[in-house]
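Numbering of the sequence shown is given in my numbering, commencing with residue 64 and proceeding in unit increments. By construction, the Cβ of each residue, glycine as well, lies at the ideal position given by its N, Cα and C atoms. Note that the coordinates shown come from a computational prediction; the quantities given were computed from them, not determined experimentally.
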Amino acid sequence: MKGLKKIVPSQRTQHIEYAIRDIVLLANKRKKAGGDLFYLNIGDPVLYDFKTPIHLIEASSKAMFENHTSYAQSEGIPEAIDAIHKDCLKDKINPFDIMITTGASEAIDFALSALVNRGDNVLLPSPGYPLYSALLARLLGESRYYKLDEDNNWMPDIDHLVSQIDDKTKAIAVINPNNPTGAVYSEKTLRDIIEVARQHNLVILSDEIYSKLIMNGQPHIPMATIDNEVPMVTFNGLSKSYLCPGFRIGWGITTGEPELISDFVEGMKKLARARLCACHPKQYAISVALNGNHDHLIEALDKLKKRRDLTVERLNSIKGISCQKPNGAFYAFPKVHLDVDDEEFVKQLIKETGVVVVHGSGFGPYPKSPHFRIVFLPSEDILNEAYNRIEAFMKRHTG
Ligand SMILES: Cc1ncc(COP(=O)(O)O)c(C=O)c1O
């Protein structure tokens, strides 16, 4: 140790938080002590009883046997880009650029990194998926939150959104269907947001990673189908709709008036070239996924619907908890009608019952009232046992 000094992490790591994985540390403690655990915290269908469609596995394995184990083109293999392009045309979207990335996460990273300078801000939904704020912390940018209104099915509060804009605002992030509320947005809501972006010269970052996981038959409306002028990056991928998050395959589709977006796209492309490429053999699953059968969705949506209904019914029957019905993704975001800090509530819940959920404040500062996020991917037996334990816990704490 002589002469060696302690390594100090950079300032940019100081404010990075990711509640979804942080909470696992606490759960592990209970496990070590011999306690049982009910994982209602992981947004990964494959860790429960959902299986990756076999034709995706075959396509990527075949690609490996056929020696597609070299680096690929930085923007992605032509066959995959072509398949995404054709999918866009079906929806009457005219993409300016398509980039295949390491999950939608990397496309989100590229878009924010190519947009945000130190001190710039991006409008994020609250509650919303915390990757955006973690990336903005790394970029020394500011996360500015706009409220989603629980009393209005968690729809964005457009007046609040507008009130958050200033001359440092670069973009509006929209997550539809939303993580953690499961809300699916109407065309009117999406149009209103697009008009705000047009008036204030902002880029729209439209996260549509759960677009095929909608349980009530409500159509998913890709934002880029509504407008082809306003700069927009749409994020999607294989992780959720095609049940293979470990493939780490996603994409970003940039649309808008070419003159307005060409430099921005070039910025993203530079970042893509610097990291070489997304996983080459797994990219061969993209065209097979988009063009192949979607039978896996029939079973997945059937399971999700039953588990969603059970979740909403059981939670709303517990004194001190209320829960809006989610129509998309696989999350519910119940409210706790107690005067508690939600992180403390969740820690106590894990300690006493082994039911692992994520505290609501991990998804942003609004709403101010305590909430937690439940992943309703587990089987009905597991969910029922978890809800029995939450019910008993609430009885103990509400008297
Ligand atoms: C809203 C949202 N966007 C993006 C991602 C990450 O997607 P990927 O696995 O494609 O990186 C997630 C993962 O949970 C998510 O919930």
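Rounded C-alpha distance that separates residue i from residue j
i	j	result
Pro344	Asp372	38 Å
Ala363	Asn447	19 Å
Asp290	His131	37 Å
Asn241	His460	30 Å
Lys69	Leu268	39 Å
Lys94	Ile86	13 Å
Tyr256	Gln262	Looking at the sequence shown, residue 256 is not Tyr but Ile. Looking at the two C-alpha atoms, the distance is approximately 10 Å.
Glu80	Pro308	21 Å
Leu276	Phe327	30 Å
Val421	Arg254	31 Å
Leu88	Lys410	11 Å
Leu367	Phe393	7 Å
Glu169	Lys458	43 Å
Ile349	Phe298	14 Å
Leu353	Tyr450	37 Å
Val351	Leu152	17 Å
Asp404	Leu412	12 Å
Gly191	Pro397	14 Å
Pro282	Tyr305	18 Å
Ile105	Gly391	16 Å
Same chain only: Cβ atoms within 8 Å of residue i, ignoring 5 sequence neighbours per side
i	result
Val259	Ile221, Leu224, Val225, Ile228, Ile235, Leu265
Lys53	Nothing about residue 53 can be reported from this structure: the residues present for the chain run from 64 to 462 only.
Leu401	Gly383, Phe408, Pro433, His460, Thr461
Asp212	Met218, Pro219, Asp220
Ser196	Glu80, Leu187, Ser206, Gly427
In DSSP terms, what residue i is bridged to
i	result
Ile184	Reading the sequence as shown, one finds Asn at residue 184 and not Ile. Beta-bridge pairing links Asn184 to Glu205, Thr232.
Val399	Ile384
Met127	Partner(s): none; Met127 has no beta bridge.
Thr164	Gly313
His422	Phe435
Ile277	Gly391
Ile238	Asp270
Simplified DSSP assignment, three categories, for residue i
i	result
His460	helix
Thr288	helix
Gly66	coil
Thr416	helix
Arg436	strand
Tyr394	strand
Gly191	coil
Ile349	helix
Phe408	helix
Val266	strand
Lys210	strand
Pro321	helix
Thr297	strand
Tyr102	strand
Pro108	helix
Close beta carbons around residue i, own chain, < 7 Å, minus the five adjacent residues each side
i	result
Leu334	Phe173, Ser176, Ala177
Asn379	Ser385, Cys386
Gly300	Gly166, Ala167, Ile272, Ile312, Gly313, Trp314
Ile324	Phe159, Pro294, Thr317
Pro321	Phe159
Leu202	Leu175, Ser176, Val179
Leu103	Val418, Val419, Val420, Ile437, Val438, Pro441, Ala449
Gln346	Ala135, Gly139, Ile140, Ala143, Ile163, Ile312
Chain-order list of residues whose beta-carbon lies under 6 Å from that of residue i (same chain, five-residue window excluded)
i	result
Cys340	Tyr134, Ala135, Ser137
Pro441	Tyr111
Lys505	In the structure displayed, the chain extends from 64 to 462; residue 505 sits before or after that span and is not available.
*Kindly confirm or deny that the segment 347 to 362 and the segment 111 to 122 touch, where touching means at least three C-beta pairs closer than 8 Å.*
The segment 347 to 362 is in contact with the segment 111 to 122.
*Are the segment 129 to 147 and the segment 160 to 173 touching, with three or more C-beta to C-beta distances below 8 Å?*
Taking 8 Å as the limit for Cβ pairs, the verdict is that the segment 160 to 173 does touch the segment 129 to 147.
*asked:* Tell me whether the segment 242 to 250 and the segment 209 to 219 touch, counting them as touching only if at least three CB pairs, one residue from each stretch, are closer than 8 Å.
replied: Because the criterion of three Cβ pairs below 8 Å is met, the segment 242 to 250 and the segment 209 to 219 touch.
*asked:* Using a Cβ distance threshold of 8 Å, determine whether the segment 416 to 433 contacts the segment 283 to 299, with at least three qualifying pairs required.
replied: Short answer: they don't touch.
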